[in-house]
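For the sequence shown, full-length UniProt numbering gives the first residue as 1, with consecutive numbering after it.
Beta carbons are placed, not taken as given, at the ideal position from N, Cα and C, and that holds for glycine.
Please read these numbers as outputs of a predicted model, since none were measured by experiment.
First up is the structure itself, then whatever we jot down about it.
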Amino acid sequence: MNIHRENDIMIDIVIIFGLRFEKYPVSQVPVLVPFEESRGIAYVKTFKKFYIEITSVCNLACTFCPQTKREPSFIKIDDFTKRLDEIKPHTSYIYLHVKGEPLLHPKVDQLLDLSHERGFKVNITTNGTLITKNKAKLLDKPALRQMNFSLHSFDGHVGSTNKEAYITTILSFIKEALETTNILFSLRLWNLHTDNATNQEKNRNRQVLEIIEREFNLDYQIEEKFIRGGGLKITDRVYLNQDHEFEWPDLNAEEDDGKGFCHGLRNQAAILSNGTVVPCCLDGEGIINLGNINETPFSEIIESERANKLYDGFSRREAVEELCRKCGYRKRFGT
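Here it is in structure tokens:
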């Protein structure tokens, strides 16, 4: 690490994987700013997570996930291909959702093949209800890196029946995939109450956990090793994650002081199925519309005035967009 002084501010120059970053003390919290950016040198923004919504349609109506007001849509093969080509310089990992159930897409297997041809690794988040129907479309796809199963969707959907069959069907698929693929699996139970005493009183998730314990022959109760927000390794490549129920940001929610940080446009970006580019996976309605990839190249959209204001604002620990000021998720990163 080298240190130099600029405008009476001590700035660390940090080398990370061969890339130079400047570490500025902003609001007493260090912020890593790409060295090339701080010097006006052209560079390509890259994102650790990139969300490509392949459908806005879901087969469930969960209480924790508001139905989108956007027109129902399924991405066309040609449009998906163009999006992959445009974002290729910016990421290696894509997630096939923002809203919607990705396994509803009738050509999800072709989308995975196209992703593999272009060198992408794919993560799929699903409610798991269509896993048997889509098994053949998933098990032989080398692009598929990880599958996340939102098990809390069973209780979240009013019409759900037979929890035992729902969970065992998903676990059966996972066990088969473990034998023939290298896919990682995350079992999600994001339905905890903020009061842990309430979770214990309601015996939250015990039935689901009991099925997992039985199917994987665990010799302990999962609650004994549970750490909220952390992943518990169930077996090789299978993890369980439990956390508080998630709330989508809403313009009708109460606005706070806007202090805080977010990784939107910093390590993630998203494209909705209609082509709208948004800064993160939580803008399911396209409220922070940075542009449409069907009309403007992605590389130009992320350098637009609105995009830069959002990025620079969070560098100062300030949320400049109204939706961001009404989003509780950024509070996880401090103020």
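query: If you check the beta carbons only, do residue 92 and residue 74 fall under 8 Å apart?
result: Numbered from 1 along the sequence shown, position 92 holds the residue referred to as residue 92. Numbered from 1 along the sequence shown, position 74 holds the residue referred to as residue 74. For residue 92 and residue 74, no; Cβs fall outside 8 Å.
- prompt: Around the Cβ of residue 138, are there at least 16 other Cβ atoms within 10 angstroms (buried) or fewer (exposed)?
  reply: Counting from 1 along the sequence shown, the entry for residue 138 is found at position 138. The residue is buried, with at least 16 neighbouring Cβ atoms inside 10 Å.
- request: Measure how close the beta-carbons of residue 156 and residue 62 come, nearest whole angstrom, since I'm counting them as under 8 Å.
  value: Reading the sequence shown from its first residue, position 156 is the one you call residue 156. Reading the sequence shown from its first residue, position 62 is the one you call residue 62. Yes, they are in contact, since the Cβ atoms of residue 156 and residue 62 sit about 4 Å apart, within 8 Å.
- prompt: Where does residue 171 fall in DSSP's three states?
  reply: In the sequence shown, counting from the first residue as 1, residue 171 sits at position 171. Helix, per DSSP.
query: Do residue 186 and residue 239 have their C-beta atoms within less than 8 Å of each other?
result: In the sequence shown, counting from the first residue as 1, residue 186 sits at position 186. In the sequence shown, counting from the first residue as 1, residue 239 sits at position 239. The beta carbons of residue 186 and residue 239 sit closer together than 8 Å.
Contacts around residue 237, its chain only, beta-carbon distance under 8 Å, and the 5 residues preceding and following it disregarded: One-based indexing of the sequence shown puts residue 237 at position 237. Hits under 8 Å: 178, 182, 183, 184 and 185.
query: Just how far apart, CA to CA, sit residue 276 and residue 290?
result: Locating residue 276 in the sequence shown gives position 276, where the first residue counts as 1. Locating residue 290 in the sequence shown gives position 290, where the first residue counts as 1. If you take the alpha carbons of residue 276 and residue 290, they lie about 7 Å apart.
- prompt: Where do the ends of the beta strand (DSSP E) carrying residue 110 lie?
  reply: Residue numbering aside, residue 110 sits at position 110 when the sequence shown is read from its first letter. Counting along the chain, residue 110 falls outside any beta strand (DSSP E), though it belongs to the alpha helix (DSSP H) covering 108 to 117.
message: Taking contact to mean 3 or more Cβ pairs, one atom from each stretch, closer than 8 Å, check whether the region 131 to 150 and the region 99 to 119 are in contact.
response: Three or more Cβ pairs drawn from the region 131 to 150 and the region 99 to 119 lie within less than 8 Å of each other, which places the two stretches in contact.
field: Euclidean distance between Cα positions of residue 213 and residue 171
entry: Taking the sequence shown and counting its residues from 1, the one referred to as residue 213 is at position 213. Taking the sequence shown and counting its residues from 1, the one referred to as residue 171 is at position 171. Their Cα atoms are separated by approximately 11 Å.
message: According to DSSP, is residue 291 part of a helix, a strand, or is it coil?
response: The residue you call residue 291 lines up with position 291 of the sequence shown. Residue state for residue 291 is assigned as strand, using DSSP reduced to three classes.
message: For residue 206, which residues in the same chain have their Cβ closer than 7 Å to its Cβ, ignoring the five residues on either side in sequence?
response: As a first step, residue 206 must be located in the sequence shown, where it is residue number 206. Result list for residue 206: empty, nothing under 7 Å.
- prompt: DSSP beta-bridge partners for residue 271?
  reply: As a working note, residue 271 is residue 271 in the sequence shown. DSSP output for residue 271 lists 52 and 277 as bridge partner(s).
message: My parser needs the beta strand (DSSP E) runs of 3 or more residues fully inside the region 132 to 162; what are they?
response: As far as the region 132 to 162 is concerned, its whole beta strand (DSSP E) runs of at least 3 residues are 144 to 150.
query: If you draw a straight line from the alpha carbon of residue 78 to that of residue 294, how long is it in whole angstroms?
result: Here residue 78 refers to the residue found at position 78 when the sequence shown is read from its first residue. Here residue 294 refers to the residue found at position 294 when the sequence shown is read from its first residue. For residue 78 and residue 294, the distance between alpha carbons rounds to 11 Å.
- prompt: Is the CB-CB distance between residue 211 and residue 168 below 8 Å?
  reply: Within the sequence shown, residue 211 is the residue found at index 211, counting from 1. Within the sequence shown, residue 168 is the residue found at index 168, counting from 1. Pairing residue 211 with residue 168 gives a Cβ-Cβ distance under 8 Å.
query: Nearest to residue 269 by alpha carbon, out of 44, 50, 46 and 310?
result: Here the question's residue 269 lines up with position 269 in the sequence shown. Of the residues 44, 50, 46 and 310, the one whose Cα lies closest to the Cα of residue 269 is 50.
task: For residue 336, name the three-state secondary structure that DSSP assigns.
output: Nothing about residue 336 can be read from this structure; the chain reaches only from 1 to 335.
Residues that residue 233 bridges to, as DSSP identifies them: On the sequence shown, position 233 is the one that residue 233 refers to. The partner list for residue 233 (beta bridge, DSSP) reads 239.
query: Tell me, which residues are paired with residue 216 by DSSP?
result: Taking the first residue of the sequence shown as 1, we reach residue 216 at position 216. For residue 216, DSSP records no beta bridge to any residue.
- prompt: Thinking just about the alpha-carbon of each residue, which of 273, 282, 307 and 260 is nearest to the one in residue 319?
  reply: Taking the sequence shown and counting its residues from 1, the one referred to as residue 319 is at position 319. Nearest to residue 319 by C-alpha distance, out of 273, 282, 307 and 260, is 260.
task: Please report the Cβ distance between residue 267 and residue 47, rounded to the nearest whole angstrom; I am assuming they are in contact, meaning their Cβ atoms lie under 8 Å.
output: Residue mapping note: residue 267 aligns to position 267 of the sequence shown, counting from 1. Residue mapping note: residue 47 aligns to position 47 of the sequence shown, counting from 1. Their Cβ separation, rounded to whole angstroms, is 6 Å, which keeps residue 267 and residue 47 in contact under 8 Å.
- request: For the alpha helix (DSSP H) holding residue 370, just list the boundary residues, first then last.
  value: As displayed, the chain neither begins before 1 nor continues past 335, which places residue 370 out of reach and without an answer.
task: With DSSP as the reference, please indicate the residues paired to residue 264 in a beta bridge.
output: Taking the sequence shown and counting its residues from 1, the one referred to as residue 264 is at position 264. According to DSSP, residue pairing for residue 264 in a beta bridge involves 268.
- prompt: Rounded C-beta distance between residue 298 and residue 262? I'm assuming under 8 Å.
  reply: Translated into positions along the sequence shown, residue 298 becomes position 298. Translated into positions along the sequence shown, residue 262 becomes position 262. Contact between residue 298 and residue 262 does not hold, since their C-beta atoms are separated by about 20 Å, which reaches or exceeds 8 Å.
query: CB-CB under 6 Å to residue 37, same chain, minus the five flanking residues each way: which ones, in chain order?
result: Counted from its first residue, the sequence shown places residue 37 at position 37. Summary for residue 37: the model assigns pLDDT 48, below 50, so the residue's position carries little reliability; its value from the coordinates is reported in the next sentence. Here the set comprises nothing.
message: My output table needs one value for residue 74: the three-state DSSP class, helix, strand or coil.
response: Numbered from its first residue, the sequence shown carries residue 74 at position 74. In the structure shown, residue 74 falls within a strand segment according to DSSP collapsed to helix, strand and coil.
- request: Using only alpha-carbon positions, find the residue among 143, 248, 60 and 228 that is nearest to residue 116.
  value: By 1-based counting over the sequence shown, the position of residue 116 is 116. Nearest C-alpha to residue 116: 143.
field: Cβ-Cβ distance between residue 125 and residue 284 below 8 Å
entry: Your numbering for residue 125 matches position 125 in the sequence shown. Your numbering for residue 284 matches position 284 in the sequence shown. In this structure, the beta-carbon distance from residue 125 to residue 284 does not fall below 8 Å.
task: Report the three-state DSSP secondary structure of residue 225 (helix, strand or coil).
output: As a working mapping, residue 225 is identified with position 225 in the sequence shown. It is coil, neither helix nor strand.
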